[in-house]
Every structure is written in structure tokens, then in C-alpha cells.
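J.:
Protein chains: 2
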Amino acid sequence: MELKEIGERGAIKVMAELYGSVNLDDCATVDAGDEFFLITTDMVNKKTHFPEGATPYQMGWFVVAINLSDIAAKGGIPVGITLSLGLPANTDVDFIKEFSMGADKCAKKFGTEIIGGDTKEAESLTICGTAIGKVKKDMFMPRRGCRPGDIVCVTGKLGMAGAALRALETGDDKFLDELLMINPRVGEGRAAASAKGVTASMDISDGLAYSLYQLMEINGTGFSINKGSIPVHELAEIVGGENAIEFALYHGGDYELLFAVSPTRFEDVKNEVGKTGCKLTRIGEVTEEKRVVIIEDGEEKVMEKRGYEHFLSRGKTL
Amino acid sequence: MELKEIGERGAIKVMAELYGSVNLDDCATVDAGDEFFLITTDMVNKKTHFPEGATPYQMGWFVVAINLSDIAAKGGIPVGITLSLGLPANTDVDFIKEFSMGADKCAKKFGTEIIGGDTKEAESLTICGTAIGKVKKDMFMPRRGCRPGDIVCVTGKLGMAGAALRALETGDDKFLDELLMINPRVGEGRAAASAKGVTASMDISDGLAYSLYQLMEINGTGFSINKGSIPVHELAEIVGGENAIEFALYHGGDYELLFAVSPTRFEDVKNEVGKTGCKLTRIGEVTEEKRVVIIEDGEEKVMEKRGYEHFLSRGKTL
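As given, the protein sequences belong to chains H and X, one line each in that order. FYI, the numbering for the first sequence is 1 to 318, going by our numbering. FYI, the numbering for the second sequence is 319 to 636, going by our numbering.
1) Can you give me the C-alpha to C-alpha distance between H:P148 and H:A72, rounded to a whole angstrom?
2) If I measure Cβ to Cβ from X:K619 and keep anything under 6 Å in the same chain, skipping five residues before and after, which residues do I get?
3) Give the residues of chain H in contact with X:S523, contact being defined as C-beta atoms less than 9 Å apart.
4) Taking the beta carbon of X:N408 as the centre, do at least 16 other beta carbons fall within 10 Å, making it buried, or is it exposed?
5) Is DSSP giving H:K316 helix, strand or coil here?
6) DSSP on X:I500, reduced to helix/strand/coil?
7) By how many angstroms is the C-alpha of H:I77 removed from the C-alpha of H:F61?
8) Cβ of X:T359 within 8 Å of Cβ of H:S84?
9) Can you find at least 3 beta carbon pairs, one from the stretch 403-423 of chain X and one from the stretch 28-35 of chain H, that sit closer than 8 Å?
10) In whole angstroms, give me the CA-to-CA distance for H:F99 and H:N183.
11) Verify the CB distance criterion: does X:Y531 have a CB-CB separation below 8 Å to chain H?
12) At 7 Å on the CB atoms, spell out the chain X contacts of H:L3, in chain order.
13) Could you give the first and the last residue of the continuous beta strand (DSSP E) run that contains H:A32?
14) Between the stretch 425-453 of chain X and chain H, which residues of the former have a C-beta closer than 7 Å to a C-beta of the latter?
15) Hey, is the stretch 597-612 of chain X in contact with the stretch 465-485 of chain X, meaning 3+ C-beta pairs nearer than 8 Å?
16) Quick one: is X:K634 near chain H, going by C-beta distance under 8 Å?
17) Rounded to a whole number of angstroms, what is the C-alpha to C-alpha distance between X:A440 and H:L3?
18) Could you list which residues in chain A have their beta carbon closer than 7 Å to that of X:Y337, in chain order?
19) Could you confirm whether any beta carbon from chain X is found closer than 8 Å to the beta carbon of H:M139?
20) Identify which residue in X:A511, X:A449, X:K545, X:S529 has its Cα closest to the Cα of X:D586.
21) Of the residues X:T605, X:L497, X:Y375, X:V411, which one's Cα is nearest the Cα of H:K13?
22) Within the 8 Å Cβ cut-off, does H:F266 reach chain X?
23) Which residues in the same chain have their Cβ closer than 8 Å to the Cβ of X:G429, if we skip the five residues on either side of it in sequence?
24) Which runs of the beta strand (DSSP E) fall wholly inside the stretch 197-264 of chain H and span at least 3 residues, in chain order?
25) With a Cβ-Cβ cutoff of 8 Å, do X:R484 and X:V557 count as a contact?
26) If contacts are defined as beta-carbon pairs under 8 Å, then X:G525 and X:G489 qualify, I think. What distance do you get, rounded to the angstrom?
27) The beta strand (DSSP E) with X:F355 in it runs from where to where?
28) What are the boundary residues of the beta strand (DSSP E) that includes X:P396?
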């Protein structure tokens with residue numbers, strides 16, 4: 001059987017079963033007294049991750065940002081980033097200078113720095129980022145822990161990245177920044193964690209629908225989402241028109257945070273996140289029955305389980 | 319200017335200058351009270367790192383081992399490994415199973431485990447390993463710190479990997495294990511660190527000569543090595559005959575540890591390392607004058623500054 005038949009998550013499952021020590025959360029944790037050290041790693045490839053026209057600066061920023069997003073989802077403080085670059089031998093030195101400037105700027109914007117790395121010869125550009133963070137154990141926000149009745153909410157607005165990618169595919173290249181200059185929700189994650197009450201947390205880099213299905217599997221609960229409550233990004237409205245919601249539900253790349261929160265703690269969590277300047281929007285609730293539904297005009301439908309997954313055709317329903 | 323003109327270390331230098339926060343040691347360090355957390359990352363590529371015939375199991379073992387070698391060089395205890403795999407979509411699932419088994423076995427042999435990772439679609443197999451370790455601050459063995467008069471010594475025997483690669487290049491494929499099933503000197507590094515007295519430490523994955531030149535740059539000291547004292551591996555003798563020393567000096571891939579040790583502490587360090595079953599061999603001393611020399615029959619010659627470096631032609635003298 002080939003990887004394209006089981007997809008990226010299928011591959012990760014095969015490995016996680018063999019290792020027996022992978023927690024399937026956004027970050028791995030290492031015990032450090034009253035804290036956890038958080039470790040997360042993401043690999044990106046020029047051909048499969050960066051659209052034509054992406055600058056080295058944008059690529060450097062992007063790799064750092066997507067790793068910081070995983071630290072943010074756990075309520076962590078970033079403490080360092082390592083970057084490994086696989087580069088063709090004819091790569092221009094200016095490429096790595098600009099790439100490094102983008103990476104450095106993103107790290108510093110979110111309070112951390114590049115502390116190490118590696119460069120190796122490769123056939124095509126491949127970049128592997130690893131972010132290290134830390135969080136007090138009582139502030140750690142795991143993927144697993146939500147209960148029926150908990151409120152489901154998201155930071156910011158959804159659908160921008162999907163809409164930007166669609167615009168790029170149709171030849172409009174002015175949205176590269178929207179797609180690549182991600183602002184990971186580091187401050188927002190810290191604020192939510194400090195308010196205590198988040199029972200499950202992850203970033204929605206694979207899309208909202210896919211993320212809800214992942215939380216369903218991990219928690220053994222279901223989710224009921226109100227279609228009208230989903231905060232859809234303006235760019236999704238412009239590019240998608242009446243189908244804007246498609247970008248918000250089924251396209252990855254937004255790097256917003258998805259939380260389940262105890263009902264009694266929701267207002268506090270919302271207020272704390274609000275202090276960072278980011279709106280936390282209630283979009284539904286955790287349910288007993290293990291399925292993900294979307295409600296529109298009082299009518300309940302099962303949400304499609306699709307999103308972007310590597311190795312599989314784009315948007316394939318699993 | 320292209321990368322092939324400045325080489326891997328030239329590229330790392332460009333980036334380190336931009337970041338300003340990279341320590342150029344085997345591992346990055348993160349402050350954690352009376353300990354350092356150690357982070358190291360290594361990227362390998364099927365085409366540039368693995369000879370024809372290498373099995374997925376050997377590849378998995380190798381990637382974990384070379385990362386643990388950096389932790390070992392700092393006196394660290396490994397606490398976890400993450401692995402990111404860039405794989406072509408037509409990769410067989412059995413490949414990742416066997417790869418993972420090799421990685422898992424190596425991690426467990428050296429007291430740690432795989433705690434996370436990522437898989438992504440890529441044009442050719444690219445693997446990025448990151449190892450996390452910890453070490454009490456007073457046991458950390460940096461690259462920088464040696465003084466003229468310190469004793470220079472190495473663990474084990476040198477030249478096996480270079481000889482195995484040469485044998486493979488000439489069509490003899492029975493030495494893949496020698497090249498890939500590395501045993502990082504984790505216990506030996508801990509033993510040396512516990513004896514206190516190591517003033518500079520690194521692994522010699524880039525070859526002994528290259529490593530000495532790196533220590534020269536970092537410490538501003540020189541090194542005087544006795545050719546006859548270098549412990550040359552049997553395989554290097556078999557493959558290289560009277561040129562066996564070439565493999566010990568100028569070929570990378572051995573993953574032994576190179577130490578400078580205070581003269582008053584050398585016997586203790588040697589004894590502690592000896593308890594692990596590994597011989598520590600004195601091969602020379604740290605000198606005032608900033609150059610690396612090799613002594614044979616009382617005659618002193620400047621050691622060639624060459625070894626394997628990515629992006630450059632193999633064996634190119636810099």
C-alpha cells in the first residue's frame with residue numbers, strides 16, 4: 001500500500017502505533033518540574049507548500065509562524081526555534097539571507113529567536129522547523145479534555161488562507177502575504193490559558209471541519225456548530241461570494257485557535273483573549289453523540305469530513 | 319554567489335550572523351533552572367546521505383543516532399526525539415513501518431523515545447530529526463573552553479565509516495551496518511562529564527581534521543597531534559592499507575567524541591569513560607599557536623584542512 005492511499009494522518013497513525021510514545025497533540029511534552037517543555041516540528045517543501053512567487057522572506061516567516069502556532073495552541077511561551085534547510089547546491093546565498101531575515105523577524109515578533117539549525121544539500125528546497133516552548137503544567141491546554149456542554153469557540157476569522165490560495169490559483173498574486181505572513185496566536189493562547197477553563201485546544205491549520213473531527217476522535221464527544229455564528233473572513237466573502245463558508249470550513253492554513261471551554265469559564269476566557277485585541281467567537285457546543293453537525297435555519301446536517309491532507313488529492317473526503 | 323561556492327559551514331555562518339543567537343555548538347541550549355535543555359537538529363536526504371542498498375530500518379536508526387551524538391557530546395541525557403519525514407506520495411507504507419522500527423530501536427537503546435513528528439509530501443526522501451536532552455549546568459561540555467597544555471583525546475577508533483563508504487563505492491555492500499548503525503557515545507559523554515575536567519568537546523562527525531580546525535577557530539588555540547597515537551579502526555587498515563590514516567583523519571561519519579581535558583583531570587576522565595567499556599585515547603595536546611599540526615617521527619607538519627562538507631566537492635580543501 002502506498003502513502004497516497006492512507007494520507008498524512010494515516011502515516012502518522014502507523015508511526016505513532018509503532019512508537020507508542022507519541023501523544024498526537026499539537027506539541028510533544030517533556031516533564032520539567034512544575035512546567036512542561038513543548039516541542040513541535042513541521043516540515044515544508046517548496047513544491048507542495050509554497051505557491052509560485054513566494055519570496056524567501058515570506059518562506060522564512062511562514063516556517064517559524066506555523067511552528068509557533070502549535071506552541072500557542074498549548075498556552076506556551078516560545079523559548080527557541082531551530083531551522084534545518086535542505087537546499088540545492090545552486091541556491092543563491094541571497095536566498096538564505098532573505099529567508100533568515102524573514103525567520104528572524106517572525107521569531108522576534110513573537111518573543112523568541114532562532115537558536116540553531118542545520119543546512120544540507122537536497123534536490124529541492126525542504127525546510128524543517130522545530131519550536132521549543134514552555135508552559136506551567138496547570139496552564140497547559142491539551143487536545144483531550146472537553147465534555148458535552150462545553151462551549152466551542154475560535155479566535156479571529158476563518159477562510160482567509162483558503163480564499164487567498166484560490167485567488168492565487170486564478171492568477172491574482174497579491175495575496176501571498178495573506179497566505180504566508182501568518183500571525184500565530186501566541187498572545188491569545190497565553191491569555192486563554194491564564195483564564196483557566198479551556199478543556200480542549202488545537203490550531204485549525206488543517207481547516208475547521210477536519211480539526212473538529214480530530215477532536216471528536218480524541219475526546220469521544222461530538223460537536224454541534226451553528227453555521228451563522230462562524231466568523232467568516234472578508235477575503236473569503238470577496239473571493240467566495242455565497243460560497244464563502246466553504247473556505248471557513250474546509251480549507252486549511254488559517255492558524256486560528258479552536259477551543260472548547262467550560263460554560264462557567266467562557267466569559268472570563270473571552271475577556272482575557274479580548275484584551276489582546278482578538279475576538280473570541282462562540283460557534284457551537286460539545287455534544288454527547290460522537291458526530292460533527294452543522295446547524296442552519298434550525299436544520300441539522302452532518303458536517304463533511306474534508307480538508308487539505310498531504311499525500312491525498314486536495315479536498316478528498318476521507 | 320551560490321551555496322556550492324561557500325559550502326555548508328559558509329551557509330551556517332551567514333545565517334548565524336543574521337540571527338545573532340546561534341551558539342555554533344553541537345546543541346542549542348535553553349535555560350531551565352540548574353539545567354540546560356539541549357536541542358539539536360540534523361537533516362538527511364536519501365540522495366546525498368544514504369548509499370544504494372541502505373534499508374529503511376538502517377535509515378531510521380541512523381537519523382536518531384546522529385542526533386543523539388550531539389547530545390552525547392555535551393554530556394546530556396536524551397529526553398526525546400522528534401522526526402519529520404518528507405516522502406514521495408508513492409512511498410510504500412512498509413517503508414515507514416521499517417523506518418520507524420529502526421528509529422524506535424535506536425532511541426530505546428539509548429534510553430529515550432520518539433515523542434513526535436510530522437510527515438509531508440516531498441519530491442525525494444528527506445528526514446529531519448531533532449533530539450532534546452538535558453544536562454546539569456555544571457556538567458555541560460561546551461566546544462569552547464580549552465587552554466594550551468590541555469590533553470586532546472578521542473573515544474573509540476577512527477576511520478571505520480570512511481573505510482566502509484570506500485568499500486561500498488567499490489561495490490562491496492557488506493559494510494552498510496558499519497556506516498549507518500551508529501552507536502552514539504551517550505554513556506561515554508555522560509561519564510566524561512561526570513568526571514569534570516573536559517574543557518572542550520564535540521563529535522567528529524565531519525572528520526578529525528575538520529573538527530580540530532573548528533575547535534581552533536572557536537577557542538583561538540592550536541592543536542598538536544601525534545600521528546602514531548591515533549587509534550585507527552581495523553576496517554580502515556583492511557580497506558586503506560598503508561593509507562589507513564587517511565580515513566581516520568579526513569573522512570566524516572565516525573561519531574566518536576573529541577575532548578580537550580585539563581592535564582590534572584585526564585586520568586579520572588579516562589577511568590570514568592573506561593568504565594563504560596570504551597577506551598579513551600590520548601592523541602595530542604592543545605597549543606598556544608593557532609594552527610593544527612601532526613607529528614610523525616619527530617617531524618611536524620600542518621594537518622590538511624579537509625573533510626567532507628555538503629555543497630562542496632567531496633574532500634575539497636578549503
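Cβ atoms here follow ideal geometry from the backbone N, Cα and C, with glycine treated the same way.
T.: Taking the geometry as given:
1) Rounded to the nearest angstrom, the two C-alpha atoms are 24 Å apart.
2) These residues qualify, in order along the chain: I612.
3) Neighbours of X:S523 in chain H, taken as residues at a C-beta separation under 9 Å, are lacking, since the least C-beta distance is about 11 Å.
4) Exposed: under 16 other Cβ atoms inside 10 Å.
5) For H:K316, the predicted model reports a pLDDT of 37, less than 50, meaning its position is unreliable; a value from the coordinates is still stated below. In the structure shown, H:K316 sits in coil (DSSP, three-state: anything other than H, G, I, E or B).
6) The answer is coil: DSSP assigns X:I500 none of H, G, I, E or B.
7) Reading off the sequence shown, one finds Trp at residue 61 of chain H, where the question assumed Phe. For H:W61 and H:I77, the distance between alpha carbons rounds to 18 Å.
8) The answer is yes: Cβ separation under 8 Å.
9) The stretch 403-423 of chain X makes no contact with the stretch 28-35 of chain H: fewer than 3 CB pairs, one atom from each, lie closer than 8 Å.
10) H:F99 and H:N183 have their C-alpha atoms spaced approximately 17 Å apart.
11) Not one chain H Cβ lies under 8 Å of X:Y531.
12) Simply L405, A407, T409, V411.
13) Segment 28-32, the beta strand (DSSP E) holding H:A32.
14) Going along the stretch 425-453 of chain X in chain order, one finds E431, I432, I433, G434, G435, D436, T437, K438, E439, A440, E441, S442, T444, C446, T448, I450 with a Cβ nearer than 7 Å to chain H.
15) With a cut-off of 8 Å, the stretch 465-485 of chain X and the stretch 597-612 of chain X count as touching, because enough Cβ pairs lie within range.
16) Legend: pLDDT at X:K634 = 36, less than 50; position of this residue unreliable, no value from coordinates given.
17) Rounded to the nearest angstrom, the two C-alpha atoms are 12 Å apart.
18) Protein chains H and X are contained in the structure displayed, whereas chain A is not.
19) It does not: the Cβ of H:M139 has no partner Cβ on chain X nearer than 8 Å.
20) When each option's Cα is compared against that of X:D586, the closest is X:A511.
21) Among X:T605, X:L497, X:Y375, X:V411, the Cα nearest to that of H:K13 is on X:V411.
22) So no, H:F266 is outside the interface.
23) For X:G429, where only same-chain residues beyond five positions count, the Cβ hits under 8 Å are I395, P396, V504.
24) Complete beta strand (DSSP E) runs here, min 3: 198-203, 222-226, 257-261.
25) The criterion of a C-beta distance shorter than 8 Å is satisfied by X:R484 and X:V557.
26) Going by Cβ atoms, the distance from X:G525 to X:G489 rounds to 24 Å, so no, they are not a contact pair.
27) For X:F355, the enclosing beta strand (DSSP E) covers residues 353-363.
28) First-last of the beta strand (DSSP E) with X:P396: 395-405.
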